[in-house]
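As structure tokens, the structure follows; a few thoughts come after it.
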Amino acid sequence: MTSRTAPGDAAPATPARVVVAVTGVGAIIGQGIVKSLRQCRYPARIVGIDRNADSPGPHRCDAFEQKPDAPESSQAYLDYWARIVRTHGIQLILPGLEVDMGFFDRHRAFFADLGVALALNTPDLIAQTGNKWDFGLALGKFGYPVIPSARPASWAEAIERLGPPPLLLKPLQGNGSRGIHLLEDEADFVYWQRKAGSDWMLQRIVGSAHEEFTVGVFGLGGGRRLRPLIFRRRLSTAGNTLVAEVVSAHPVIESATDRLCQYFQPLGPTNFQFRVEDETAFLLEINPRFSSSNSLRTAFGFNEAEMAIELHLLGREPAEPRIRPGKGWRYYEDFVLHAGHPL
């Protein structure tokens, strides 16, 4: 991340065009970032990055670079990044995958030496949110309400500690709904805990699907942030936001978001997910990065890609977003390339 402009220093001049790399353009988050960049006030040349070239994502970018068949821990992978940064003159990288966020976080100094800015959250927040069990302990440590959780040795112990089923089994790592399973009885528990190995936990189901919220926050560091965008949401079977409705005011969510931001001090795009039960906003997770609903936020006036250009590349504090009320849906559509179309 580039440093912000110090008081008294002149802010960098606005470039005629910015060259931005977006990773994961074959998936929903990366494609949402590309869509948001196309609606940005700063003209952008977009370099798409993905391991798979066979998707609509590369065709929505100005250039595409396929990731090499090399381990991300290898020198060959670092050489790949050095080459494409220099070839395209990339100024800013926006990670669209959690695995990419982790890679860039581990190699901040390498990319700083290349002179390219990274839209990354703070190292502390990235580290704290990497393990669901440990993150729950961190929440409890500062007194925030924690979803009742356990790592029981038996189904009987699970019910004793968490109450009657259904319960949720979650992997300790990962995001969204991947690897999460509903447990109705002991047979479910035995099957899924065996499949999950040792890295799992159980949680009580809190709230209802109607009281689930995703909150977009753009952190400025030191506990400061821009005005958040609160969506009441309904999930798809894949665990992504399917329907999102802007919530203009929700004192419980607003208070929880403010408290969490003061404590965790996010920087840049950050996503808080809540369920409300009995006037308590239980935190499901914090995603310290762009989330799958980023393009929906852009549609309602909260363009995180544009804000990231301003903060991470130009060293400017973004203006408060002008959030519009409304409701958005996700749906499938066709993307067709006819024979003979230039690829």
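All residue numbers for the sequence shown refer to my numbering, where the first residue is 33 and numbers rise by one.
For glycine and all other residues, C-beta sits at the position ideal for the given N, C-alpha and C.
Cβ neighbours of Q225 in the same chain (closer than 7 Å, five flanking residues each side left out): Taking the first residue of the sequence shown as position 1, residue 225 is located at position 193. Here the set comprises L201, W232.
So L215 packs on I355, CB below 8 Å; how close in whole Å? Here residue 215 refers to the residue found at position 183 when the sequence shown is read from its first residue. Here residue 355 refers to the residue found at position 323 when the sequence shown is read from its first residue. Not a contact, Cβ separation roughly 38 Å.
Strictly by DSSP, which residues pair up with N163? On the sequence shown, position 131 is the one that residue 163 refers to. For N163, which the question treats as bridged, DSSP gives no partner whatsoever.
Taking C-alpha atoms, which residue in R83, K67, N84 lies nearest to A76? Stepping through the sequence shown from its first residue, residue 76 is reached at position 44. The candidate whose alpha carbon is nearest that of A76 is K67.
Output the boundary residues of the beta strand (DSSP E) element that contains F304. Sequence index remark: in the sequence shown, residue 304 carries index 272 (1-based). Secondary structure note for F304: its beta strand (DSSP E) is the uninterrupted segment 299–309.
On a Cα-Cα basis, can you pick out the residue from N163, G372, P155, A149 that is closest to D137? If you number the sequence shown from 1, residue 137 lands on position 105. When each option's Cα is compared against that of D137, the closest is P155.
Return the Cβ separation of I153 and G347 in integer angstroms, given the expectation that the two are a contact with Cβ distance under 8 Å. The residue labelled residue 153 in the question sits at position 121 within the sequence shown. The residue labelled residue 347 in the question sits at position 315 within the sequence shown. Here the sequence assigns Asn to residue 153, which means Ile is not the residue at that position. About 17 Å separates the Cβ atoms of N153 and G347, ruling out a contact at the 8 Å cut-off.
Buried/exposed call for K359, threshold 16 Cβ in 10 Å: Numbered from 1 along the sequence shown, position 327 holds the residue referred to as residue 359. Per the 10 Å Cβ criterion, exposed.
Comparing alpha-carbon positions, which option in D94, S209, Q294 lies nearest T273? By 1-based counting over the sequence shown, the position of residue 273 is 241. Of the residues D94, S209, Q294, the one whose Cα lies closest to the Cα of T273 is S209.
So if DSSP puts G251 in a beta bridge, which residue, or which two residues, is it bridged to? Stepping through the sequence shown from its first residue, residue 251 is reached at position 219. DSSP lists R257, G300 as partners of G251.
With distances taken between CB atoms, is the gap from I285 to V249 smaller than 8 Å? Walking along the sequence shown from the start, residue 285 turns up at place 253. Walking along the sequence shown from the start, residue 249 turns up at place 217. For I285 and V249, no; Cβs fall outside 8 Å.
If you run the structure through DSSP and keep just helix, strand and coil, what is A76? Reading the sequence shown from its first residue, position 44 is the one you call residue 76. The DSSP-derived three-state label of A76 is strand.
Using the Cβ count rule (16 or more neighbours within 10 Å means buried), how would you classify T269? Locating residue 269 in the sequence shown gives position 237, where the first residue counts as 1. Classification for T269: exposed.
List in chain order: all unbroken alpha helix (DSSP H) runs of 4+ residues lying wholly within the segment 162–245. Taking only runs of at least 4 residues, the alpha helix (DSSP H) segments lying wholly in the segment 162–245 are 164–173, 187–194, 218–228.
Alpha-carbon to alpha-carbon, R73 and L343: Along the sequence shown, read from residue 1 onward, the residue named residue 343 stands at position 311. Along the sequence shown, read from residue 1 onward, the residue named residue 73 stands at position 41. Annotation: L343 to R73 spans about 14 Å, alpha carbon to alpha carbon.
How many Å lie between V51 and L110 at the Cα? For the purposes of this step, residue 51 is identified with residue 19 of the sequence shown, where counting begins at 1. For the purposes of this step, residue 110 is identified with residue 78 of the sequence shown, where counting begins at 1. Using only the alpha carbons, I get a separation of about 19 Å.
Let me know the secondary structure DSSP gives T37 once reduced to three states. Counting from 1 along the sequence shown, the entry for residue 37 is found at position 5. For T37, the predicted structure reports a pLDDT of 47, less than 50, and the residue's modelled location is therefore unreliable. The matter cannot be settled from this model.
Own chain, CB closer than 6 Å to G64, minus 5 neighbours either side, in chain order: For the purposes of this step, residue 64 is identified with residue 32 of the sequence shown, where counting begins at 1. Spatial neighbours of G64 in its own chain (CB-CB distance under 6 Å, excluding positions within 5 residues in sequence) are listed in chain order as N326, S327.
Boundaries (first-last residue) of the beta strand (DSSP E) holding N335: As a first step, residue 335 must be located in the sequence shown, where it is residue number 303. First-last for N335: undefined, no H or E at that position.
Burial state of S126, where buried means 16 or more other Cβ atoms lie within 10 Å: Indexing the sequence shown from 1 puts residue 126 at position 94. Ser is not the amino acid found at residue 126; the sequence shown has Leu there. That one is buried.
I'd like to check one pair, E277 with F259: are the Cβ atoms closer than 8 Å? In the sequence shown, the residue the question calls residue 259 occupies position 227. In the sequence shown, the residue the question calls residue 277 occupies position 245. The displayed chain sequence assigns Arg, not Phe, to residue 259. Result no, Cβ atoms of R259 and E277 do not sit closer than 8 Å.
Starting from A48, trace the alpha helix (DSSP H) both ways and give me its first and last residue. Here residue 48 refers to the residue found at position 16 when the sequence shown is read from its first residue. Segment: none, A48 is in no alpha helix (DSSP H) and carries neither H nor E.
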